[in-house]
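Order-wise, the sequence lines are chains A and B.
Just so we're aligned, residue 1 is where the first sequence starts under the working numbering, counting upward by one.
Just so we're aligned, residue 1 is where the second sequence starts under the working numbering, counting upward by one.
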Amino acid sequence: MNHGTSLLWKQRALSSLSATRRGLPKEKMSENGMSRAKVLTIDTMNPTVKKVEYAVRGPIVQRAVELERELSEGMKKPFAEVIKANIGDAHAMGQQPITFFRQVLALCSYPELLSDSIFPEDAKNRACRILNSCGGNSLGAYSASQGIESVRQDVARYIERRDGGVPCDPDNIYLTTGASDGIVTMLKLLVCGEGAARTGVMISIPQYPLYSAALAELGAVQINYYLNEEKCWSLDISELQRALNEARRYCNPRALCIINPGNPTGQVQSRQCIEDVIRFAAKERLFLMADEVYQDNVYAEGCQFHSFKKVLFEMGPEYSETVELASFHSTSKCYMGECGFRGGYMEIINMDDEVKAQLTKLLSVRLCPPVPGQALMDLVVNPPQPGEPSYERFISERTATLSALAEKAKLTEQVLNTVEGIRCNPVQGAMYSFPRITIPEKAIKEATDVGQQPDMFYCMKMLEETGICLVPGSGFGQKDGTYHFRMTILPPKDKLKILLNKVQEFHQKFTQQYS
Amino acid sequence: MSVLQEISSNVKNMKQLEYSDLARRMTQIKEDLRQGVEKPFKEVIDVSWGDPHRGGMKPLTFVRQVLAACVYPQLMNDNKLPVDVRQRAQKLLDGCAGRSVGSYSATQGIPEIVQRVSEFISRRDGGVPSNPENIFLCCGSQWALSRILNVLVNAEAAFTTGVLAPAPCYRTTTLSIEGLGGVVIPYYLSEEQGWELQVEELQQALESAGGACNPIALYVINPGNPTGHVQSRKSMQEVIRFASEKRLFLLADEVYQGCIYGEKEFVSYKRVLAEMGPPLSDTVELASFHSASKGFMGECGLRGGYVELVNLDPAVKKYIYTLFTADSSAPLLGQIALDLMTNPPLPGDPSYFQFDQETQHIKSTVDKNVKKAFEVVNSLQGFSCPAVEGGAFAFPRIHLPAKAIQKAKEVGMQPDTFYCLKLLEEAGVLVSPGSDFGQKEGTFHFRFCILILHDVLEELLRRLTLFHTQFMKDFS
Chain A
1 MNHGTSLLWK
11 QRALSSLSAT
21 RRGLPKEKMS
31 ENGMSRAKVL
41 TIDTMNPTVK
51 KVEYAVRGPI
61 VQRAVELERE
71 LSEGMKKPFA
81 EVIKANIGDA
91 HAMGQQPITF
101 FRQVLALCSY
111 PELLSDSIFP
121 EDAKNRACRI
131 LNSCGGNSLG
141 AYSASQGIES
151 VRQDVARYIE
161 RRDGGVPCDP
171 DNIYLTTGAS
181 DGIVTMLKLL
191 VCGEGAARTG
201 VMISIPQYPL
211 YSAALAELGA
221 VQINYYLNEE
231 KCWSLDISEL
241 QRALNEARRY
251 CNPRALCIIN
261 PGNPTGQVQS
271 RQCIEDVIRF
281 AAKERLFLMA
291 DEVYQDNVYA
301 EGCQFHSFKK
311 VLFEMGPEYS
321 ETVELASFHS
331 TSKCYMGECG
341 FRGGYMEIIN
351 MDDEVKAQLT
361 KLLSVRLCPP
371 VPGQALMDLV
381 VNPPQPGEPS
391 YERFISERTA
401 TLSALAEKAK
411 LTEQVLNTVE
421 GIRCNPVQGA
431 MYSFPRITIP
441 EKAIKEATDV
451 GQQPDMFYCM
461 KMLEETGICL
471 VPGSGFGQKD
481 GTYHFRMTIL
491 PPKDKLKILL
501 NKVQEFHQKF
511 TQQYS
Chain B
1 MSVLQEISSN
11 VKNMKQLEYS
21 DLARRMTQIK
31 EDLRQGVEKP
41 FKEVIDVSWG
51 DPHRGGMKPL
61 TFVRQVLAAC
71 VYPQLMNDNK
81 LPVDVRQRAQ
91 KLLDGCAGRS
101 VGSYSATQGI
111 PEIVQRVSEF
121 ISRRDGGVPS
131 NPENIFLCCG
141 SQWALSRILN
151 VLVNAEAAFT
161 TGVLAPAPCY
171 RTTTLSIEGL
181 GGVVIPYYLS
191 EEQGWELQVE
201 ELQQALESAG
211 GACNPIALYV
221 INPGNPTGHV
231 QSRKSMQEVI
241 RFASEKRLFL
251 LADEVYQGCI
261 YGEKEFVSYK
271 RVLAEMGPPL
281 SDTVELASFH
291 SASKGFMGEC
301 GLRGGYVELV
311 NLDPAVKKYI
321 YTLFTADSSA
331 PLLGQIALDL
341 MTNPPLPGDP
351 SYFQFDQETQ
361 HIKSTVDKNV
371 KKAFEVVNSL
381 QGFSCPAVEG
391 GAFAFPRIHL
401 PAKAIQKAKE
411 VGMQPDTFYC
421 LKLLEEAGVL
431 VSPGSDFGQK
441 EGTFHFRFCI
451 LILHDVLEEL
461 LRRLTLFHTQ
471 FMKDFS
């Protein structure tokens, strides 16, 4: 390349650079073969979208999918199958759906089946009731944006029963497309302000990365409060205070998010803790967002789920009439595991009417939540009752699923704690273990050299050698210098045992290799 | 004082629709009727949504049988279900993790379904290739559109992002743009020419936006909502050239492609673009949207939609993929609905006969509706309405007498909202006022759905005729 040409290239490069710097669209390049610049480039696109990450479906999962493809094409691997222990998807791991729910939903989908004797009477009655509340008696009609009214009423009654009679107004219930839709909508609503007045949102570390993704997308300030790993991931109010005080220097903290039972940590907060959080939110005037999607997944002795709403009301009018709270639930977890239906709801307490009107506008943009998911939520809050034909079967299926999960939670904790270099807190609830792993210095260095987080490096190696796909702790947040991974407890017990043994073997080998 | 008093200014800037007042009033009226209050009508006819099932249209049997079998696989042991239903359900469940419609799918959708959607697109477009990697199945087409808008609209930039959108326009899209911190740049469709898109109007719109914002995208709806216009190939070519010249990202909302009446044919933007050849076919960036909510299936409640991306920068696509990962996945039943929409029963299949009968029936019903609505509406003094060429709605113009406009001003309402409220209260018919969609100053319209049972349409038109005749008398 002679001097003249290289100057020409340089000139062009410079002029395009300055165009970008001026924020103007690039000039159409000349006709000698240089391609026309795109309208939508990484420079012109919304910058906050570039900050979005979601580790649960991140790069390690993409590699796992590639490996699956290679296996199916006959490539030899040190493992016979890829095990996706990265995602809280119960059915994918073999958990069975609740028969009654699927029967009613099938009847709703194809009402001609109402004349089919294979379906019990109570399923048929339920289906009719649901269809009567749908436009044109069809799951295919739009519902109101806030969700089918009769379903919201049923949800309200469920909440009242669950919370020992604390009243629930159906107008405060919003059906959502999974809990995620409700969470993101609330965040969209409240994030505002510029510079030092920009909204800050408090979230636990470690957290479910939907929160960090939504906050990044909205350009909100993420305020981290650390859960206490030594005390079984409990929440210290002093830590909340520390995080808040510090954050007040550079943003306007307005909301506090808490996941209970926790994801990824599995901790079930004590009643005292929940009261303390409520008092904190009241004192510091924070909007409280309580993610309670794992409310039926409580396994450990001495642990119990306490809903934020119930505790709030039991604290008396000083709190129950002032603290603004949104609680979230979903059909994706617990004993249902129906992720694919995208069913969920949120209950909003003490929200201003004017703000509610704005919320309604925001929700209207996605039209309505999937109607089958709404129908499913109706069944979840209104399951078969004693005496009804489907009751026995329902109870036995639900008990079997929940007790299997409890067993697997215990098993996971036990096996992982036998491994030197792995320390696993009791899995009190939810669907995951989040053990702490010791990674040798050599491995940390190698990871850093290739530009990877050490626990990602560890998990990638585990994937390539054992076929087990986990999510590195860096995807959820963790104290500096500590490393973890999140593994679901969902595979069937026999498979889980094998999995845990493989993890043990791998860890020992890895530690040896990098000693 | 509420913590939440301060909320996002983007949300505050979203236009409050006139329609919401009407919907609230309808709820009250329905409650009154339930309580036995006397009214000039026994029930409310709600034609404000593009919702065929709500309008009495029946779901397609094949679709619902497959869905039921997927939801409750024990049904597949049932010989009462046709063989092709059972086979399809088997195949679909094979693609689901754990063979359950309750599991999440891959981010872009169940791979086999995404593949089949891309094959459908290619068939539809006379062989223009479609790459499954460019397709995302979503919770309805509006969800997909708002994700793509999210990538385009830069709320932090010095200049507000502008998106050209038609006037009149489907209101959910304009709300979406506003909610993201963008600004809508309206281009007026030509009512005299049956709501044609004239490229001079696009130019005019861009000029009027001046330096006030940074226009980045051009949104078109074809077939139109609310207008019912089906774009000609020539017009689409002009739009494409305009987008290329003015460096605009093209957003093509084509959810009504299955709803075509009369002479015109639907051709997709992707196809027109491909047929225009390089350099345009290789460079114009396009996102096209489709859905299982309209057409013969009308499965709005299942929330099944998709977006196909054309000519996007690979680096941007990576970010779009990551953005979609945080949404988990589209509802499985919605994805299945897309599979069934793009791969219906074929001649020779056991379900074909009934499927064909049902779709033909829907087609003839809607054709009748379109004709009848055109006749009746245009026969009334003070109404004019072009023929509905496609889509789900009629969008007649009401030439309101000065007295009515005056009265509306006195009660603080938009004139067409005033008309619609009276129509609701006195005739029990709920339609959507034109002011929500954007219309030329001094013109008034309303929109009603024509994907409804023919009897319902006839009753609707009967009530409208009576009401309108009286209204024009009262305000003459």
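Glycine is no exception: its CB is placed at the ideal position from the N, C-alpha and C atoms.
Here the structure is a predicted model, which means the values were calculated and not measured.
Contacts with chain A (Cβ-Cβ distance below 9 Å) from the segment 205 to 239 of chain B involve Asn214, Ile216, Ala217, listed in chain order.
Arginine 102/A counts as buried, since no fewer than 16 other beta carbons sit within 10 angstroms of its beta carbon. Residue ranges of uninterrupted alpha helix (DSSP H) with 4 or more members, entirely inside the segment 149 to 213 of chain B and ordered along the chain, are 171 to 179, 199 to 209.
Ser48/B is the residue among Lys39/B, Ile452/B, Ser48/B, Arg463/B whose C-alpha sits nearest the C-alpha of glycine 434/B. Contact of tyrosine 110/A with chain B is assigned, a C-beta pair being separated by under 9 Å. By the beta-carbon neighbour count (other beta carbons within 10 angstroms, threshold 16), threonine 174/B is buried. Contacts with chain A (Cβ-Cβ distance below 9 Å) from the segment 347 to 373 of chain B involve no residue at all. In terms of CA proximity to valine 298/A, Lys410/A leads the group Lys410/A, Ser133/A, Tyr483/A. The alpha carbon of tryptophan 233/A has as its nearest neighbour, out of Ser212/A, Cys273/A, Gln241/A, the alpha carbon of Cys273/A.
Neighbourhood of threonine 107/B in chain A, by CB distance below 8 Å: Arg57, in chain order.
With a cut-off of 8 Å on Cβ pairs, the segment 132 to 146 of chain B is in contact with the segment 250 to 264 of chain B, counting three or more such pairs. In the three-state reduction of the DSSP assignment, tyrosine 174/A falls in the strand class, which pools E and B. Pairwise C-beta distances place the segment 305 to 313 of chain A in contact with the segment 268 to 284 of chain A, as three or more of them are shorter than 8 Å. Within the segment 296 to 323 of chain A, the runs of alpha helix (DSSP H) at least 4 residues long that lie entirely inside it are, in chain order, 308 to 314, 317 to 320. Following the DSSP letters along the chain, one finds arginine 271/A inside the alpha helix (DSSP H) bounded by residues 271 to 284. Put simply, the backbone Cα of leucine 215/A is about 8 Å away from that of leucine 187/A. Annotation: the segment 219 to 267 of chain B contains the following complete segments of the alpha helix (DSSP H) (minimum length 4 residues), in chain order: 233 to 245. Three or more Cβ pairs drawn from the segment 147 to 165 of chain B and the segment 209 to 217 of chain B lie within less than 8 Å of each other, which places the two stretches in contact.
Here the C-alpha atom of isoleucine 362/B lies approximately 21 Å from the C-alpha atom of valine 85/B. A contact between stretches requires three or more CB pairs, one per stretch, nearer than 8 Å, and the segment 346 to 358 of chain B meets this requirement with the segment 59 to 74 of chain B. Within the segment 167 to 180 of chain B, the residues whose Cβ lies closer than 7 Å to any Cβ of chain A are, in chain order, Thr172, Leu175, Ser176, Gly179.
When C-beta distances to chain A are compared with 7 Å, the residues of the segment 56 to 68 of chain B below that value are Gly56, Pro59, Arg64, Gln65, Leu67, Ala68, in chain order. Ranked by Cα distance from glutamate 112/A, the first of Leu131/A, Pro97/A, Leu470/A, Ser72/A is Leu131/A. For alanine 315/B, the chain A residues whose C-beta falls within less than 8 Å of its own C-beta are Thr41, Ile42, listed in chain order.
Annotation: the continuous beta strand (DSSP E) that includes valine 310/B extends over 305 to 310. Here the segment 330 to 340 of chain B makes contact with the segment 331 to 349 of chain A; the two share three or more CB pairs at distances below 8 Å. Comparing C-alpha distances from serine 133/A to each of Gly147/A, Pro120/A, Ala123/A shows the shortest one belongs to Gly147/A. Per DSSP, glutamine 16/B lies in no alpha helix (DSSP H) segment and is marked neither H nor E. Think of a sphere of 9 Å around the beta carbon of leucine 451/B: no beta carbon from chain A falls inside it, the nearest being about 11 Å out. Counting along the chain, no alpha helix (DSSP H) covers glutamate 347/A; the unbroken beta strand (DSSP E) around it starts and ends at 343 to 349. For methionine 487/A, there is no enclosing alpha helix (DSSP H); the residue is part of the beta strand (DSSP E) that begins and ends at 485 to 488. Against chain B, the beta carbon of phenylalanine 341/A has neighbours under 8 Å at Val101, Gly102, Pro331, Leu332, Leu333, listed in chain order.
Residue pairing by DSSP places valine 201/A opposite Gln222/A, Ala255/A in a beta bridge. Taking a Cβ-Cβ cut-off of 8 Å, the neighbours of serine 143/A in chain B comprise Gly301, given in sequence order. Following the DSSP letters along the chain, one finds alanine 290/A inside the beta strand (DSSP E) bounded by residues 287 to 291.
Look at the segment 222 to 256 of chain A: the residues with a C-beta under 9 Å from a C-beta of chain B are Asn252, Arg254, Ala255.
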